[in-house]
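If you're matching them up, the sequences are chains U and P in order. Going left to right, the first sequence walks through residues 1 to 223 as our numbering numbers them. Going left to right, the second sequence walks through residues 1001 to 1223 as our numbering numbers them. Remarks on the structure that follows.
2 protein chains.
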Amino acid sequence: MRLIVEQPQHERPDTKDRILDAAERMFAQHGFELTSLRALTTEADVNLAAVHYHFRSKEGLLEAVLQRLVAPVNEERLALLDALEAHGHPTLEGIIEAFVAPPLRLHAERPHPTALAPLLIGRCLSSPDTQMRTLVMRLFGPVFERFRPAFGRALPHLPPDEILWRVFFLLGIMTKTMVGGHQLKLFSEGRCDPTCTTESIPRIVQFVAAGMRAPAFHSEVDA
Amino acid sequence: MRLIVEQPQHERPDTKDRILDAAERMFAQHGFELTSLRALTTEADVNLAAVHYHFRSKEGLLEAVLQRLVAPVNEERLALLDALEAHGHPTLEGIIEAFVAPPLRLHAERPHPTALAPLLIGRCLSSPDTQMRTLVMRLFGPVFERFRPAFGRALPHLPPDEILWRVFFLLGIMTKTMVGGHQLKLFSEGRCDPTCTTESIPRIVQFVAAGMRAPAFHSEVDA
DNA sequence: CTCCGTCTAAAACGATCGTTTAATTGAAAC
DNA sequence: GTTTCAATTAAACGATCGTTTTAGACGGAG
């Protein structure tokens, strides 16, 4: 009986990281299905079979790419919310910013990989493969469980499901900003640039905060 | 010299429509790249080569599918806005509803084809293929040129670029509602259903109207 | 030195893809 | 009846895909 350890004992040949880097770049540029492992391994200067050795399949590689990309973002979100709640009840604007700023800032640094992340996540969530869905749940579960009550405390006039709707809307805005940002730049003839976080983040926070503070849908004036 | 007419003179074998129907269904379910023409033509009960005869390639078929799907939606949007403006200045809520209701209602009737439309459109817009980009421009140009000034008149306190930003946010919410609706249903344990237009449309209108009416970003109180 | 396990290398496998070709059908035109 | 041409069919082409297999390289442990 033999133990397989995650790390090789002595040194670190970076072929695993080189594959991940190339995959991140090429999955984002051409999409998952259109990226062939041959082109990927050529770009990474790595043998073709190395992908199946280190990850067990092309989908396993996607899983690893996704994990490495979003895990730090979610940790930063939770840290920001922790910092806010350490000083009493956070404002609605603060919660929204803690939620959207980390992914948007990452997107500003590396637009291409981040842009496809929401698409890949959506793909995983609608995939029949259970492993993919549980991966996404494991990645986003803690964030969801911490931000939902935070929004609830900041918006006491809203029923819980209404909050779900509006967080959903927030998600849509955030995704669109990352995935379709170049469209806005195109239509504004370059004047509006969603990759500029000092422009995009305050605008999103302001827009969403106003939308979230709107009266609840089914309430015909409760006071 | 011989004239090639679009329609065959005598009768109408519906193989062209059968291909379009099957393509709409299968592109939406499995995506464009994952749908093979062999599976598609089998499903449509049509010969494999018929796709290349009627459309000139797989991409030509995608173009035709997209055109047939969004053209009526955009016509309805313009008609609704016309009707509103026939009775004086429309309200902000009215303009938003004229913009989002047609695609969302179509999505409620046929969730699958509509869900992938925004993705395909995004794909076309970021494609290096010029024909794809001009197709999207031709499809959405008139809508854009009519709704932009309408929003401008309803929001006179906002600079034009700020309006672009917020219409962009509206687009994100609409797209998310169609593409990721099942995610909201999943996380709300079935209580929130974006395919129910009597629920989703008023909520979107209310949220977006409040967000759009927020003060402009760069103005440090102008009055 | 020899054994061992990790890692890499080259080559092939089987399958499927989009596309093209060439032959054939069938109904209108003359 | 013959011609004509749009429409359909079956079959093949060339390429590329993800994956597997097999063998070899390299450094530490005995």
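The beta-carbon is built from N, C-alpha and C at its ideal position, and this holds for glycine as well.
Buried/exposed call for residue i, threshold 16 Cβ in 10 Å
i                : result
Q1286 of chain P : Residue 1286 of chain P falls outside the range modelled here, since chain P spans only 1001 to 1223, and no answer is possible.
A1049 of chain P : exposed
F1169 of chain P : buried
L1020 of chain P : buried
E24 of chain U   : buried
G94 of chain U   : buried
T1114 of chain P : buried
Q206 of chain U  : buried
G1211 of chain P : buried
F144 of chain U  : exposed
M1026 of chain P : buried
R1203 of chain P : buried
E1189 of chain P : exposed
T41 of chain U   : buried
T130 of chain U  : exposed
V1005 of chain P : Low confidence applies here, because V1005 of chain P scores a pLDDT of 40, under 50, leaving its location unreliable and the question unanswered by this model.
M1178 of chain P : buried
P90 of chain U   : buried
T197 of chain U  : buried
S1200 of chain P : buried
G1141 of chain P : exposed
P1156 of chain P : exposed
T175 of chain U  : buried
A1150 of chain P : buried
A1039 of chain P : exposed
R56 of chain U   : exposed
A214 of chain U  : buried
A86 of chain U   : exposed
Terminal residues of the alpha helix (DSSP H) in which residue i lies
i                : result
T1198 of chain P : T1197 to M1212
P1103 of chain P : L1092 to E1109
V143 of chain U  : T130 to A154
P1160 of chain P : P1160 to V1179
Three-state class that DSSP yields for residue i in the structure shown
i                : result
H87 of chain U   : coil
C1192 of chain P : coil
N1047 of chain P : coil
L34 of chain U   : coil
D1082 of chain P : helix
D1021 of chain P : helix
H182 of chain U  : helix
P215 of chain U  : coil
H52 of chain U   : helix
H1157 of chain P : coil
CB-CB length for residue i against residue j, believed under 8 Å
i                : j                : result
A1098 of chain P : L1084 of chain P : 6 Å
G1152 of chain P : I1163 of chain P : 6 Å
L125 of chain U  : A209 of chain U  : No, L125 of chain U and A209 of chain U are not in contact; Cβ-Cβ is about 27 Å, not under 8 Å.
T1015 of chain P : V1046 of chain P : 5 Å
A22 of chain U   : E43 of chain U   : 5 Å
A28 of chain U   : L139 of chain U  : Not a contact, Cβ separation roughly 18 Å.
C1192 of chain P : D161 of chain U  : 6 Å
F1051 of chain P : L1037 of chain P : With the sequence shown as reference, residue 1051 of chain P is identified as Val, and Phe is not the correct amino acid for it. Right, the Cβ-Cβ distance comes to about 5 Å (below 8 Å), so this counts as a contact.
V73 of chain U   : P103 of chain U  : 5 Å
H107 of chain U  : T195 of chain U  : 7 Å
F217 of chain U  : L120 of chain U  : That belief does not hold up - the Cβ atoms of F217 of chain U and L120 of chain U are roughly 32 Å apart, past 8 Å.
L1069 of chain P : R1146 of chain P : Actually they do not touch by this definition, with Cβ atoms about 20 Å apart.
G180 of chain U  : G1122 of chain P : 6 Å
Interface residues of the segment 20 to 41 of chain U facing chain P [CB-CB below 8 Å]: G31, E33 and L34
Along the segment 170 to 193 of chain U, where does the CB come closer than 8 Å to a CB of chain P? Name the residues. L171, G172, I173, M174, T175, K176, T177, V179, G180, H182, Q183, L184, L186, F187, S188, R191 and C192
Using a Cβ-Cβ cut-off of less than 8 Å, give me the residues of the segment 1137 to 1152 of chain P that come near chain U, in sequence order. F1144
What residues in the segment 113 to 136 of chain U have a beta carbon less than 7 Å from any beta carbon of chain P? G122, L125 and S126
What residues from the segment 1195 to 1211 of chain P come within 9 Å of chain U, judged by C-beta to C-beta, listed N to C? E1199, S1200, P1202, R1203, I1204, Q1206, F1207, V1208, A1209, A1210 and G1211
At a CB distance below 7 Å, what residues from the segment 1154 to 1171 of chain P approach chain U? Give them in sequence order. D1161, L1164, W1165, R1166, F1168, F1169 and L1171
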